[in-house]
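Written out below as structure tokens is the structure these notes cover.
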Amino acid sequence: MRWITQIFILLGVLVIAGIGGYFGYNAAYAKGETAGYENGYSSGNQEGYVAGEADGYTKGRTDGYEVGEAEGFISGQQEGYTEGKADGYQDGYSKGEPAGYDRGYSTGLDEGFGHGYTIKDPTYAEAIAFMRGDKTDQNEYIDDSFVCSHFVREVCNNAEAEGIRCALVLLRLAEPSGSDHVIIAFNTIDQGIVYFETITDDRANPVIGKRYYQCIVPEPDHYYEQPSYDDTIKEILIIW
């Protein structure tokens, strides 16, 4: 019977030891799990932060660069275009204006010569030389066919052809009523306005209230008689 008692004692010890080991295992497991979780969390959190920070920095830098580059390009392109256009316009206008003016002036000078655009006022010597060289006075005066107005027209056309400005001068005379006589004038740059009788090329100094025949300055071989009508000058009209 003694050995049976020993067997029960041994079984009891084993049961107690097993129960104690089970509870000890559970306690140790729980403690180890908690410690491991805390250590693992801390380590994982740190490593994850480092890795996430690096990835986030890289992606943020890339995305930010791309967005900034795009917006900067658009803004820079717009500002550059605006400033470039303004500068280009100003530069082109500054260079084009004088060039266009010179070209237009040159073209106008060539095309306008002899058509009233490039004629000039002569000197007194030039006016005298022109009248002496002009042959209009060699025409014959013919009543109702080739009269004073025809002489004046021909002389003015010849003067214009040589680039000299010439005026038609209308003299309103006292008689016959409403009668007119026409001569020419040059506005010389050194002696002012000088008048010429185109039928004879003589100088004239018309004065309102004075007889016209007395206003002519005849050449040595020319002589003007007093007309039968009253040629007193009532009005002088100069037409350039």
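Each residue of the sequence shown is one higher than the one before, counting from 27 in the numbering used here. Idealized CB from N, CA, C, for every residue including glycine. As the structure is a computational prediction, the values presented were derived from the model and not from experiment.
Beta-carbon proximity of residue i to residue j, cut-off 9 Å
i: Arg198; j: Ile259; result: yes
i: Glu245; j: Thr224; result: no
i: Ile190; j: Phe212; result: yes
i: Gln252; j: Arg229; result: no
Pairwise C-alpha distance: residue j and residue i
i: Val195; j: Tyr167; result: 19 Å
i: Tyr150; j: Ile215; result: 7 Å
i: Ala155; j: Asp256; result: 33 Å
i: Gly278; j: Val243; result: As displayed, the chain neither begins before 27 nor continues past 266, which places residue 278 out of reach and without an answer.
i: His176; j: Thr162; result: 9 Å
i: Ala193; j: Pro232; result: 14 Å
i: Glu186; j: Thr144; result: 9 Å
i: Tyr249; j: Glu188; result: 30 Å
i: Arg158; j: Ser203; result: 34 Å
i: Ile210; j: Asp117; result: 50 Å
i: Gln104; j: Asp113; result: 14 Å
i: Gly235; j: Gln164; result: 31 Å
i: Gly169; j: Tyr239; result: The question names Gly, but residue 169 is Asp in the sequence shown. Looking at the two C-alpha atoms, the distance is approximately 19 Å.
i: Cys241; j: Asp247; result: 17 Å
i: Gln72; j: Glu109; result: 52 Å
Minimum C-alpha distance to residue i - residue among the options
i: Ile262; options: Gln252, Tyr255, His248 and Tyr221; result: Tyr221
i: Ala153; options: Phe172, Val181 and Ser171; result: Val181
i: Val208; options: Val178, Ile190 and Pro253; result: Val178
i: Ser205; options: Arg229, Lys146, Cys174 and Asn183; result: Cys174
i: Glu201; options: Thr108, Ser254, Asp117 and Gln72; result: Ser254
Short CB-CB distance (under 9 Å) between residue i and chain D
i: Thr214; result: The chain inventory of the structure shown lacks chain D, comprising one protein chain alone.
Nearest-angstrom Cβ-Cβ length linking residue i and residue j, presumed shorter than 8 Å
i: Asn184; j: Asp160; result: 5 Å
Checklist line | alpha helix (DSSP H) runs wholly inside the stretch 152-225, at least 4 long, in chain order | finding: Those alpha helix (DSSP H) runs which fall completely within the stretch 152-225 and span 4+ residues are 174-187.
Next item on the list: Entirely within the stretch 228-255 and at least 3 residues each: give me those beta strand (DSSP E) ranges in chain order.
Entry: Runs of the beta strand (DSSP E) lying entirely within the stretch 228-255 and spanning at least 3 residues, in chain order: 228-230.
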